[in-house]
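S.K.: I'd like to ask some things about the structure below.
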Amino acid sequence: MQKKIKSALISVYHKDGLDVIVKCLHDYNVKIYSTGGTYSFIESLGIPATQIEDITGYPSILDGRVKTLHPKVFGGILSIRENEKHIEESIKYDIPEIDLVIVDLYPFEKTIETETDESIIIEKIDIGGISLIRAAAKNFKDVLVVSHRGQYHDLHSLLEENKCHTDIGTRKKFALQSFGVSSAYDTAIFNWFDNNNLSEFKVSHSNARSLRYGENPHQKAFFFGDFEKMFDQLHGKEISYNNILDIDAAINLISEFDETTVAILKHNNACGIASRNTLSEAWTAALAADPVSAFGGIIISNRIVDNKTAEEINKIFFEIIIAPDYTEDALEILKQKKNRIILVQKQFDLQKSTYRTVLNGTLIQDRDSNIETPSDLETVTNQKPSPEQIKDLLFANKIVKNTKSNAIVLVKNSQLLASGTGQTSRVDALKQAIEKAKNFKFDLNGAVMASDAFFPFADSIEIAYKQGINSVIQPGGSIRDQETIDYCNENNIAMVFTGIRHFKH
């Protein structure tokens, strides 16, 4: 049923865009009630409004902590218009009906991003505003609630198109959005108080992004998050579910490297990665690792993509490219394919925790943010790795950390030669890597090997040695470590332990 908005209560923190709403309400003869700074703003527009104090008989008290928390305010919002008892009580206690509530909450989440002073943070916990939102949303059959300034445009269109009337469907939609706002607000407050101790698991994401489909076409999918905060999409088709998984894997991988590096990924694993003095050289070396798997993959660079590199990259088909930026000429080259997704990566921090739904619950863990350095390496063999080998060992270790387990990675001269990914045994992962390297004509003599977990037996070391691999990095920790160390010593193989396992499932 259509209802005419006759009165509105407005109490907002941010005033941006509010002037259009207020003028529209005034044009339709809506009586406006307001508080504090909002009242002053409305008054500055030359539009009449009534202060809440004139309804309640009480001024704003306790440094503004109590303004709207009064039966005459909440009675006007929560009264059921067709309930005779409610009508009688409203008349008896002189409670005015309120048909529209507009609130913009104190910016608690923005405050905790930069503020450390607890007293300031506490004062940004909105009490009256959140109560107004919940009350109006509960009584959506009679009241329209606007819970954040992002809804102002929709509200203005609604007011103009329907001459200040609303229907039940619209009011319920706005109520739904309002409970989403209040839920997210309370979640942020709880998590701040909890100080990331996870005494309870509460996560709230807005900005739902409907995706074309999920992992497969028959699966429905959404992305909840702020993609635009992390990337600018300069070109290409809509991002898909699988695209996002690949982008996430690519960002996690490239974040490990400071040198000029290009990586190519397929199904969340690196099929090529190399570091070189120039970006074009890094691209050529990365592609050489597996030009077959690179087809239809995702490319990521930690340097601005130049014209020369773009010309080489443009010779193959790929879905996505990510970089800090692109030269103007490079961008024109890469835009030649209309569906190709071109992303500019912004500066942002990776999440500190990861979540995965399992069974009837959720697994939570710290993100694997450990990046081993030379000082973390324990040489456990008589043969010590050379500085060049240490560089390659650490390079390989970064890759294997970001590869599906069980994983083996083979590297030489800061270039991925091959990897064995997602195998049920470490030996199978190594054999897969060796076979791939040979298929692309790589010489494994002098290459290094990285494993995401310890070697339970010396068999993998023996297989690697027979292919010319002479240096190994692994976590260590097997009850048979000594057997592996003995084999290395007998064959002049250098091996280092990191003490850190990097399973990825």
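Converting from the sequence shown to our numbering requires adding 3 to each position, the first position being numbered 1. Think of the CB as a built atom: it goes at the ideal place given N, C-alpha and C, for glycine as much as any other residue.
(1) So which of R174, I267, K415 and Y155 has the shortest CA-CA distance to L28?
(2) Just checking, does the segment 324-336 make contact with the segment 351-365 on the three C-beta pairs under 8 Å criterion?
(3) Tell me the DSSP bridge mates of I64?
(4) Excluding sequence positions up to five away, which residues of its chain have a Cβ less than 7 Å from the Cβ of C274?
(5) Is it buried or exposed, N272, if we count other Cβ atoms within 10 angstroms and call 16 or more buried?
(6) Assign S447 to one of three DSSP states: helix, strand, or coil.
(7) Does D117 pass the burial test, meaning 16 or more other C-beta atoms within 10 Å, or should it be called exposed?
(8) Can you look up G228 in the DSSP assignment and give me helix, strand or coil?
(9) Helix or strand or just coil, what does DSSP make of C27?
(10) CA-CA distance, G131 and N199?
(11) Tell me, which residues are paired with S474 by DSSP?
(12) Quick one: what does DSSP say Y358 is sitting in, helix, strand or coil?
(13) Using a Cβ-Cβ cutoff of less than 6 Å, which residues in the same chain neighbour S181 once the five nearest sequence positions on both sides are dropped?
(14) Determine the extent of the beta strand (DSSP E) in which L413 is found, giving its start and end residues.
(15) Could you check which residue in P74, S186, N32 and V347 has the C-alpha nearest to that of K95?
(16) Looking at the structure shown, is Y36 part of a helix, part of a strand, or coil, going by DSSP?
(17) Hey, would you say I133 sits closer than 8 Å to I124, going by beta carbons?
(18) Could you check the C-alpha separation between E241 and N342 for me, to the nearest Å?
(19) Around the C-beta of I482, are 16 or more other C-beta atoms found within 10 angstroms, so that it is buried, or is it exposed?
(20) Give the DSSP-derived three-state secondary structure of H156 in the structure shown.
(21) What residue from T190, V146, I336 and S278 has the CA that sits closest to L420's CA?
(22) Which residue comes first and which comes last in the alpha helix (DSSP H) that contains D2?
(23) Could you name the residues that DSSP lists as bridge partners for H168?
(24) Could you spell out where the beta strand (DSSP E) holding R212 opens and where it closes?
(25) Relative to the alpha-carbon of D251, which residue among V33, F226, E262 and D261 has its alpha-carbon at the smallest distance?
(26) Using a threshold of 8 Å, state whether the C-beta atoms of L433 and I466 are closer than that.
(27) Which residues mark the beginning and the end of the alpha helix (DSSP H) in which S428 is found?
(28) Taking a contact to mean a Cβ-Cβ separation below 8 Å, would you say F398 touches S417 in this structure?
(29) Closer than 8 Å is the cut-off here; do at least three beta carbon pairs connect the segment 230-239 with the segment 258-265?
(30) Can you tell me whether E295 is helix, strand or coil according to DSSP?
(31) Please determine if the segment 434-442 and the segment 387-407 are in contact, where contact requires at least 3 C-beta pairs separated by less than 8 Å.
(32) Taking its Cβ as the centre, do 16 or more other Cβ atoms sit within 10 Å of L515, making it buried, or is it exposed?
(33) Among K9, Q5 and V206, which has the Cα closest to the Cα of T365?
(34) Should F177 be flagged as near chain D, meaning a C-beta pair shorter than 8 Å?
(35) Check for me: the alpha helix (DSSP H) holding F321 runs from which residue to which?
(36) Measuring only the C-alpha atoms, how far is I247 from Q222?
M.R.: Answer, in terms of the structure:
(1) Taking the sequence shown and counting its residues from 1, the one referred to as residue 28 is at position 25. Checked all of R174, I267, K415 and Y155; the closest Cα to L28 is Y155.
(2) no
(3) Sequence index remark: in the sequence shown, residue 64 carries index 61 (1-based). I64 is bridged to V69.
(4) On the sequence shown, residue 274 is found 271 positions in, with the first residue counted as 1. The residues are I267, L268, A292, D293, S296, A297 and G300.
(5) As a position in the sequence shown, residue 272 is number 269, starting the count at 1. N272 comes out buried.
(6) If you number the sequence shown from 1, residue 447 lands on position 444. The identity of residue 447 in the sequence shown is Leu, whereas the question assumes Ser. If DSSP states are grouped into helix, strand and coil, L447 belongs with coil.
(7) Residue 117 sits at position 114 when you count from the first residue of the sequence shown. In the sequence as displayed, the identity of residue 117 is Thr instead of Asp. That one is exposed.
(8) Within the sequence shown, the letter at position 225 stands for residue 228. The answer is coil: DSSP assigns G228 none of H, G, I, E or B.
(9) Residue mapping note: residue 27 aligns to position 24 of the sequence shown, counting from 1. Helix, per DSSP.
(10) Within the sequence shown, numbered from 1, the residue matching residue 131 stands at position 128. Within the sequence shown, numbered from 1, the residue matching residue 199 stands at position 196. Their Cα atoms are separated by approximately 27 Å.
(11) For the purposes of this step, residue 474 is identified with residue 471 of the sequence shown, where counting begins at 1. Paired residue(s): V451 and A497.
(12) Residue numbering aside, residue 358 sits at position 355 when the sequence shown is read from its first letter. Residue state, collapsed to three classes: strand.
(13) Reading the sequence shown from its first residue, position 178 is the one you call residue 181. Only I136, A140, V148 and S150 meet the Cβ criterion.
(14) Residue mapping note: residue 413 aligns to position 410 of the sequence shown, counting from 1. First-last of the beta strand (DSSP E) with L413: I411 to V414.
(15) Against the sequence shown, residue 95 aligns to sequence position 92. Selected option, being the one with the closest Cα: P74.
(16) Walking along the sequence shown from the start, residue 36 turns up at place 33. Residue state, collapsed to three classes: strand.
(17) Mapped onto the sequence shown, residue 133 falls at position 130. Mapped onto the sequence shown, residue 124 falls at position 121. No, these two residues do not count as a Cβ contact at 8 Å.
(18) Working through the sequence shown from its first residue, we reach residue 241 at position 238. Working through the sequence shown from its first residue, we reach residue 342 at position 339. Approximately 8 Å between the Cα atoms of the pair.
(19) For the purposes of this step, residue 482 is identified with residue 479 of the sequence shown, where counting begins at 1. It is exposed - the Cβ of I482 has fewer than 16 other Cβ atoms within 10 Å.
(20) If you number the sequence shown from 1, residue 156 lands on position 153. In the three-state scheme derived from DSSP, where H, G and I count as helix and E and B as strand, H156 is classed as helix.
(21) Taking the sequence shown and counting its residues from 1, one reaches residue 420 at position 417. When each option's Cα is compared against that of L420, the closest is S278.
(22) Since the first residue of the chain shown is 4 and the last is 508, residue 2 is not available in this structure.
(23) Position 165 of the sequence shown, counted from the start, is the residue given in the question as residue 168. Answer is K7, bridged to H168.
(24) Counting from 1 along the sequence shown, the entry for residue 212 is found at position 209. It spans A211 to S213 - the beta strand (DSSP E) in which R212 sits, taken as one unbroken run.
(25) Counting from 1 along the sequence shown, the entry for residue 251 is found at position 248. Cα-wise, what sits closest to D251 is F226.
(26) Here residue 433 refers to the residue found at position 430 when the sequence shown is read from its first residue. Here residue 466 refers to the residue found at position 463 when the sequence shown is read from its first residue. Yes, these two residues count as a Cβ contact at 8 Å.
(27) Working through the sequence shown from its first residue, we reach residue 428 at position 425. Here S428 belongs to no alpha helix (DSSP H), and DSSP marks it neither H nor E.
(28) If you number the sequence shown from 1, residue 398 lands on position 395. If you number the sequence shown from 1, residue 417 lands on position 414. Result yes, Cβ atoms of F398 and S417 sit closer than 8 Å.
(29) no
(30) Indexing the sequence shown from 1 puts residue 295 at position 292. The question names Glu, but residue 295 is Val in the sequence shown. Note: V295 maps to coil in three-state DSSP.
(31) no
(32) Any answer about residue 515 is impossible in this case: the structure gives the chain only from 4 up to 508.
(33) Here residue 365 refers to the residue found at position 362 of the sequence shown. By alpha-carbon distance to T365, the top candidate from K9, Q5 and V206 is V206.
(34) Note that chain D does not occur in the displayed structure, where there is just one protein chain.
(35) Locating residue 321 in the sequence shown gives position 318, where the first residue counts as 1. DSSP places F321 in no alpha helix (DSSP H) but in the uninterrupted beta strand (DSSP E) bounded by F321 to A326.
(36) Working through the sequence shown from its first residue, we reach residue 247 at position 244. Working through the sequence shown from its first residue, we reach residue 222 at position 219. If I take the Cα positions, the gap works out to 15 Å.
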